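K.L.:
Just passing along the structure, written as structure tokens.
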Amino acid sequence: MAEPIDSALDLLRRLNPKDVKQNVDNIINLNPSLEEELLESVDIPLSVKRCSSTKRDFLCCDYNRDGDSWRSPWSNNFEPPIDEGITPSERIRKMEIKANEAFDVYRELYFEGGISSVYLWDMDDGFAGCVLLKKCTSETAVNGGSWDSIHVFDAQDRARTAHYKLTSTVILSLGTESEALGGLDLSGNMVRQVEQDMAVEDDGSHVANIGKMVEDMELKMRNLLQEVYFGKAKDVVGDLRSIPPLSVTNRDRQTQREMISSMSR
Numbered sequence: 284m285a286e287p288i289d290s291a292l293d294l295l296r297r298l299n300p301k302d303v304k305q306n307v308d309n310i311i312n313l314n315p316s317l318e319e320e321l322l323e324s325v326d327i328p329l330s331v332k333r334c335s336s337t338k339r340d341f342l343c344c345d346y347n348r349d350g351d352s353w354r355s356p357w358s359n360n361f362e363p364p365i366d367e368g369i370t371p372s373e374r375i376r377k378m379e380i381k382a383n384e385a386f387d388v389y390r391e392l393y394f395e396g397g398i399s400s401v402y403l404w405d406m407d408d409g410f411a412g413c414v415l416l417k418k419c420t421s422e423t424a425v426n427g428g429s430w431d432s433i434h435v436f437d438a439q440d441r442a443r444t445a446h447y448k449l450t451s452t453v454i455l456s457l458g459t460e461s462e463a464l465g466g467l468d469l470s471g472n473m474v475r476q477v478e479q480d481m482a483v484e485d486d487g488s489h490v491a492n493i494g495k496m497v498e499d500m501e502l503k504m505r506n507l508l509q510e511v512y513f514g515k516a517k518d519v520v521g522d523l524r525s526i527p528p529l530s531v532t533n534r535d536r537q538t539q540r541e542m543i544s545s546m547s548r
């Protein structure tokens, strides 16, 4: 007999990814004992809270959560306040401040809006952290889209270098609904992972290295979404109903195959 957590994860894979947050909440209501495991295992769209000290918005995930409170990267305080929340050491907190400043610039350059948050925490042989980015085009669920990036990494210190392991998740949701066009819903997520050794001179080098890895990974994942997934959807629509006659399209494809075949010979 399958474990409850395995059954819950299998169920979530079969449901609409656009409703993953609501589905997770429903499963937790049915079986509260699964809350911790589900929140650690399932990527859900990032929620937003306001830092009462700095009046700036920040993103919430399992990595800055302590019970029912979330730590702000801007003030290092929890919202709502708690007595003994877990915070990073002084050295890691200084890096966290620099990383938030750097990714705030990155967010403005690539997203022209949205919200970014970076959280770091101590580990025995280095440190770990996550970079969160969120951009929504509309407040309505039926007309608009959202992009959520969750980049989780760990950095292991070595002599003059560091070994980085990055796991990136992009949650994309696109939807539109009108009387003329009807309804359209494209939602899903993509996960990629990479490991790399990079030179380190000081703590500032860690921020630059992580920034470069996140930038490269987001570019690759965006291109995959555009060229592979949306490109494939375009090909399927083209096969169902092409703009020129299908006979012309098939003739062009045959000519192309013959040219490639003759060149290979």
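Letter by letter, the sequence shown follows residues 284 to 548 of the working numbering.
Think of the CB as a built atom: it goes at the ideal place given N, C-alpha and C, for glycine as much as any other residue.
This structure is a prediction, so every number in the text was calculated from the model and none was measured.
Determine the DSSP secondary structure at PHE361, reduced to helix, strand or coil.
P.N.:
Strand, per DSSP.
K.L.:
Which two residues bound the contiguous beta strand (DSSP E) that contains GLN305?
P.N.:
No beta strand (DSSP E) contains GLN305, which is instead part of the alpha helix (DSSP H) from 303-313.
K.L.:
Quick one: grab the DSSP three-state call for ASN630.
P.N.:
Residue 630 falls outside the range modelled here, since the chain spans only 284 to 548, and no answer is possible.
K.L.:
Would LYS301 and SER461 be called neighbours here (beta carbons separated by less than 8 Å)?
P.N.:
It is not a contact, given that the beta carbons lie outside the stated cut-off.
K.L.:
From the DSSP output, which residues share a beta bridge with ASP480?
P.N.:
Note: ASP480 sits in a beta bridge opposite HIS446.
K.L.:
Among residues of its own chain, excluding the 5 on either side of LEU298, which ones have a beta-carbon nearer than 6 Å to its beta-carbon?
P.N.:
Once the five neighbours on either side are set aside, the close Cβ partners of LEU298 are ASN306.
K.L.:
Which word fits GLU286, buried or exposed, when buried means at least 16 other C-beta atoms lie within 10 angstroms of its C-beta?
P.N.:
GLU286 comes out exposed.
K.L.:
I need the straight-line Cα distance from VAL490 to LEU295, nearest angstrom please.
P.N.:
In a straight line, the C-alpha of VAL490 is about 35 Å away from that of LEU295.
K.L.:
Pull up the CB-CB distance for GLU323 and PRO356, whole angstroms please, since I reckon it's below 8 Å.
P.N.:
Not quite, the Cβ-Cβ distance comes to about 20 Å (not below 8 Å), so this is no contact.
K.L.:
For VAL414, does the three-state DSSP call read helix, strand or coil?
P.N.:
The answer is strand: DSSP assigns VAL414 an E or B state.
K.L.:
Less than 7 Å between C-beta atoms, sequence neighbours within five positions excluded: which residues of the same chain meet that for ALA385?
P.N.:
Within the same chain, ALA385 has close Cβ partners VAL490, GLY494.
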